[in-house]
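Residue numbers (the numbering used here): 115 to 479.
For glycine and all other residues, C-beta sits at the position ideal for the given N, C-alpha and C.
Here the structure is a predicted model, which means the values were calculated and not measured.
Worksheet: the structure to be examined is printed underneath.
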Amino acid sequence: MKLLEITNYLDTRVPLSFQEDYDNCGLLIGDPNTEVNSVLICLDCTEDVLDEAVKNKHNLIISHHPIIFKGLKKIIGSNYVEKIIQKAIKRDIAIYAMHTNLDNIYGGVSFQIANKLSLEKTQILKQKTNAVTKLTTYCPPSHTNVVKNALFARGAGRLGQLYDRCSFTSTGMGSFRPLKGASPFSGNIGKDALFEEDKIEVVFCSYLKPKILSALLEAHPYQDVSYIFDKINTDAQIGSGIIGELKKDMGLDTFLKYVKFSMNCNTIRYNTVSNKKSIKKVAVCGGSGSFLLQDAILQDADAYISSDFKYHDFFEANHKVIIFDIGHYESEYFTQQLIFDILKENFSKLAIHLTSVCTNPVLYY
Ligand SMILES: [Zn+2]
Numbered sequence: 115m116k117l118l119e120i121t122n123y124l125d126t127r128v129p130l131s132f133q134e135d136y137d138n139c140g141l142l143i144g145d146p147n148t149e150v151n152s153v154l155i156c157l158d159c160t161e162d163v164l165d166e167a168v169k170n171k172h173n174l175i176i177s178h179h180p181i182i183f184k185g186l187k188k189i190i191g192s193n194y195v196e197k198i199i200q201k202a203i204k205r206d207i208a209i210y211a212m213h214t215n216l217d218n219i220y221g222g223v224s225f226q227i228a229n230k231l232s233l234e235k236t237q238i239l240k241q242k243t244n245a246v247t248k249l250t251t252y253c254p255p256s257h258t259n260v261v262k263n264a265l266f267a268r269g270a271g272r273l274g275q276l277y278d279r280c281s282f283t284s285t286g287m288g289s290f291r292p293l294k295g296a297s298p299f300s301g302n303i304g305k306d307a308l309f310e311e312d313k314i315e316v317v318f319c320s321y322l323k324p325k326i327l328s329a330l331l332e333a334h335p336y337q338d339v340s341y342i343f344d345k346i347n348t349d350a351q352i353g354s355g356i357i358g359e360l361k362k363d364m365g366l367d368t369f370l371k372y373v374k375f376s377m378n379c380n381t382i383r384y385n386t387v388s389n390k391k392s393i394k395k396v397a398v399c400g401g402s403g404s405f406l407l408q409d410a411i412l413q414d415a416d417a418y419i420s421s422d423f424k425y426h427d428f429f430e431a432n433h434k435v436i437i438f439d440i441g442h443y444e445s446e447y448f449t450q451q452l453i454f455d456i457l458k459e460n461f462s463k464l465a466i467h468l469t470s471v472c473t474n475p476v477l478y479y
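The structure is reproduced here in structure tokens:
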């Protein structure tokens with residue numbers, strides 16, 4: 115199978131446009147026309163992981179964290195990133211990263227944590243802005259279904275995981291005057307015309323905009339098509355972190371044990387909140403989650419499970435939410451299985467392996 119087939123699928127299933135501005139997801143190293151023998155999945159593409167790929171003849175590594183994150187001006191092996199890049203290219207191993215785009219999809223990294231904790235009534239904690247666009251266009255009623263079907267076929271009108279082909283149509287009167295040289299769908303040159311038209315409104319993921327526009331122009335009967343694209347601020351299905359509820363309230367001690375067991379972590383850094391006798395509402399975020407602390411507080415979470423909190427974050431949380439800092443690697447460990455499952459959904463015969471290397475650089479004494 116060509117690498118391009120795999121990256122095309124991943125770019126659709128976990129859209130690159132969902133990544134944060136600072137990120138660098140997608141194919142980082144490799145020739146898209148390479149035949150992929152087998153895939154190795156990891157959180158971090160370390161040199162040990164690369165050696166494992168060489169030894170077992172995996173020629174595609176899919177990692178959560180992008181090995182190339184900042185701009186590079188030279189690749190001479192002067193740090194671990196440059197060494198890994200050199201070695202991967204020499205050994206003909208491609209590297210693909212699924213980072214904040216995997217955080218932001220529905221069913222992504224934080225959902226894995228929510229599932230491990232059996233949270234119910236789960237929702238995105240902070241919705242991503244500008245991920246969705248609305249198209250408004252006008253066409254004669256005789257062509258409404260043709261236009262809508264063309265838009266649906268390119269992915270417009272999908273709402274979450276459970277509904278597709280969603281749209282809104284209203285009927286009104288459109289006016290125009292065709293000028294000399296025009297070949298109008300209806301009406302006469304130089305004469306004002308008034309015709310019944312349908313207004314079609316449909317939403318889609320913003321990254322689909324070029325495809326949606328070409329579908330509209332292909333299917334629409336008018337010589338000049340009028341359309342408006344509006345960015346919609348948020349979508350409940352796209353964003354970072356998850357908030358949900360435990361089946362039953364738990365006391366702090368019980369919940370500490372429960373998190374430690376469910377997430378298989380060694381150590382939990384936490385604070386106490388004097389007026390919280392029990393925990394029911396829980397927010398979670400895989401990786402460095404202090405940027406969502408205020409969102410967890412605003413949504414009345416009793417506990418917020420994530421990692422990489424600073425000393426002063428614990429003061430900010432005090433009296434409002436109990437922070438559970440379970441460690442970065444520990445919070446994202448199950449992401450490897452998530453990537454595996456996403457690949458298997460589409461490539462059941464592809465050889466896919468999880469790394470046997472523990473890439474956590476942090477040790478606990
Ligand atoms: Zn991370």
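DSSP places K204 outside any beta strand (DSSP E); the residue lies instead in the alpha helix (DSSP H), whose first and last residues are 194–204. Note that the region 402–418 does not touch the region 176–194; fewer than 3 beta-carbon pairs, one per stretch, sit closer than 8 angstroms. Apart from the 5 residues on each side of it in sequence, L273 sits with its Cβ closer than 6 angstroms to the Cβ of C280 in its chain, given in chain order.
In the DSSP annotation of this structure, Q241 is not part of any alpha helix (DSSP H); the continuous beta strand (DSSP E) holding it starts and ends at 234–253.
Around the C-beta of N263, fewer than 16 other C-beta atoms lie within 10 Å, and the residue is accordingly described as exposed. Listed as beta-bridge partners of T285 by DSSP are D312. The C-alpha of N474 lies about 49 angstroms from the C-alpha of F282.
Note that the C-beta distance between S354 and L406 is below 8 angstroms. For C399, same chain residues with a beta-carbon under 6 angstroms away, outside a window of 5 residues either side, are S224, G355, L406, S420 in chain order. Residue pairing by DSSP puts G353 in a beta bridge opposite Q241.
By the neighbour-count definition (other C-beta atoms within 10 Å, threshold 16), F132 is a buried residue.
Beta-carbon to beta-carbon, H172 and S152 are separated by about 5 angstroms, close enough to satisfy the 8 angstroms threshold. Scanning its chain for C-beta atoms nearer than 8 angstroms, with the 5 sequence neighbours on each side dropped, one finds around V261 the residues T251, C253, I314, L330, A333, H334, in chain order. Straight through space, the alpha carbons of D338 and S256 are spaced by roughly 17 angstroms. Under DSSP, L273 forms a beta bridge with Y277. In chain order, S152 place their CB closer than 6 angstroms to the CB of A465, counting only its own chain and leaving out the 5 sequence neighbours on each side. At a cut-off of 3 residues, the continuous stretches assigned as beta strand (DSSP E) that sit fully inside the region 368–440 are 393–402, 417–421, 436–439. Its Cα nearest to that of K230, the residue L452 stands out among L452, V471, H426. A residue is called buried once 16 or more other Cβ atoms fall within 10 Å of its Cβ, and Q241 is buried on that count.
Judged by DSSP secondary structure, Y443 falls outside any beta strand (DSSP E) and instead within the alpha helix (DSSP H) spanning 442–446.
For ligand 1, no non-hydrogen atom lies closer than 7 angstroms to the CB of G355. For ligand 1, no non-hydrogen atom lies closer than 7 angstroms to the CB of H426. If the five residues before and after V316 are omitted, its C-beta is found closer than 6 angstroms to the C-beta atoms of L249, L265, A270, G271, S281, all from its own chain and listed in chain order. The beta-carbon distance between T247 and D344, rounded to whole angstroms, is 7 angstroms. This is short enough to meet the 8 angstroms contact definition. Contact between the region 352–372 and the region 381–396 is present: 3 or more CB-CB pairs across the two stretches fall below 8 angstroms. Our two residues, F318 and L216, have alpha carbons roughly 19 angstroms apart in a direct line.
Annotation: the continuous beta strand (DSSP E) that includes Y210 extends over 208–211. For M115, DSSP records no beta bridge to any residue.
Boundaries around V168 are those of the alpha helix (DSSP H), 161–170, since no beta strand (DSSP E) includes it.
The residue from D439, V163, M377, N218 with its alpha-carbon nearest to that of V195 is V163. Taking every protein chain shown into account, the CB of L124 has 16 or more other CB atoms within 10 angstroms, so this residue is buried.
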